[in-house]
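Data block below; observations after.
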Amino acid sequence: MSSRNDSHVRLSDVERRLSQTVVYGVVEQADYKNGKYRVRSGEILSNWLPMRQMRAGAVRSWEPLHEGEQVVLAAPSGDLAQAAILGSIASEAAPAVGDKPEITKTVFEDGTVIEHDDKNKTTVVKAPSDGSISLQVADSKLTLTEDTISLKASKIVLEGDVKASGGELTHNDTNVGSTHVHGGISPGPRDTSTPK
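Structure follows, in structure tokens:
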């Protein structure tokens, strides 16, 4: 009788562990400094758990979770104390941001979008109107804002035709565009003075 009871207890424990091998839950607390989260699944609140990153070696990535985000856990032998967060699961509160197989897309909380289209071979990076996009190598920097493209480098090389239309073209605050005028003009082969 005791052996039968022991078998029943062991079987119940195995079933419980199997049922907790993969668990769905919602992030309830975040410790960004240590890269760990507590996840609630039903009545259970997990310990502080690590999250799987795309890379975590010589190449590293960081994609933090947010409170309220739905996630899936993997727990070896059903032991939630050893669980790790495998990733996020779309939900009614945060549905998928795409519905086409050729599109890879990331939408950030502030509205910034990064989208790649395999079919049309296009990549779009779009920031909100009060944001900016920058590319930088050492001190050389390209910055895009809502109304300005700023390019800063010790040397800028343009190859091929350059076409500018509309607006003004200036150099050190001097108009050098199509409407600039020169002083000191007199008939003959002499050069004009600098633009005004």
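Residue numbers (my numbering): 988 to 1183. Just so it is clear, CB atoms sit at the ideal spot from N, CA and C, and this is done for glycine as well. No experiment lies behind these values; they were computed from the predicted model shown.
Q. Just to confirm, are Ser1152 and Ser1141 a CB contact at a threshold of 9 Å?
A. Working through the sequence shown from its first residue, we reach residue 1152 at position 165. Working through the sequence shown from its first residue, we reach residue 1141 at position 154. No, these two residues do not count as a Cβ contact at 9 Å.
Q: Spell out a yes or no on whether the segment 1051-1067 and the segment 1011-1024 are touching, meaning 3 or more CB-CB pairs, one atom from each, closer than 8 Å.
A: Judged by Cβ distances under 8 Å, the segment 1051-1067 makes contact with the segment 1011-1024, as three or more pairs qualify.
Q | Boundaries of the beta strand (DSSP E) in which Leu1052 is found, first to last residue | A | By one-based count along the sequence shown, residue 1052 stands at place 65. No beta strand (DSSP E) holds Leu1052; DSSP gives it neither H nor E.
Q: Output the boundary residues of the beta strand (DSSP E) element that contains Ile1136.
A: For the purposes of this step, residue 1136 is taken as residue 149 along the sequence shown, with counting starting at 1. Unbroken beta strand (DSSP E) run through Ile1136: Ile1136 to Lys1139.
Q) Under the rule that 16 or more other beta-carbon atoms within 10 Å means buried, what is Ile1072, buried or exposed? A) As a first step, residue 1072 must be located in the sequence shown, where it is residue number 85. Per the 10 Å Cβ criterion, buried.
Q.
Does Ser1064 come out as helix, strand or coil in the three-state DSSP assignment?
A. On the sequence shown, position 77 is the one that residue 1064 refers to. Here Ser1064 sits in helix by DSSP.
Q: Determine the direct distance from the alpha carbon of Val1058 to that of Gln1040, and round the result to whole angstroms.
A: Along the sequence shown, one-based indexing puts residue 1040 at 53. Along the sequence shown, one-based indexing puts residue 1058 at 71. Computed Cα separation, rounded: 13 Å.
Q) With a CB to CB cut of under 7 Å and the five nearest residues on each side skipped, what residues in its chain are close to Asp1097? A) Taking the sequence shown and counting its residues from 1, one reaches residue 1097 at position 110. Same-chain partners within the cutoff: Pro1115 and Gly1118.
Q: State the Cα-Cα distance for the pair Thr1109 and Ser1033, rounded to the nearest angstrom.
A: Numbered from 1 along the sequence shown, position 122 holds the residue referred to as residue 1109. Numbered from 1 along the sequence shown, position 46 holds the residue referred to as residue 1033. Distance between Thr1109 and Ser1033, taken at the CA atoms: about 42 Å.
Q | For Gln1123, three-class secondary structure by DSSP | A | Stepping through the sequence shown from its first residue, residue 1123 is reached at position 136. It is a strand residue.
Q. Thinking C-alpha only, which one of Asn1021, Gly1164 and Leu1138 is nearest Trp1049?
A. Taking the sequence shown and counting its residues from 1, the one referred to as residue 1049 is at position 62. The shortest C-alpha separation from Trp1049 is found at Asn1021.
Q.
Going by DSSP in three states, Gln1016 sits in which element: helix, strand or coil?
A. The residue labelled residue 1016 in the question sits at position 29 within the sequence shown. Here DSSP, grouped into helix, strand and coil, assigns Gln1016 to strand.
Q. How is Met988 classed by DSSP in three states: helix, strand or coil?
A. Stepping through the sequence shown from its first residue, residue 988 is reached at position 1. For Met988, the predicted model reports a pLDDT of 48, less than 50, meaning its position is unreliable; a value from the coordinates is still stated below. Coil.
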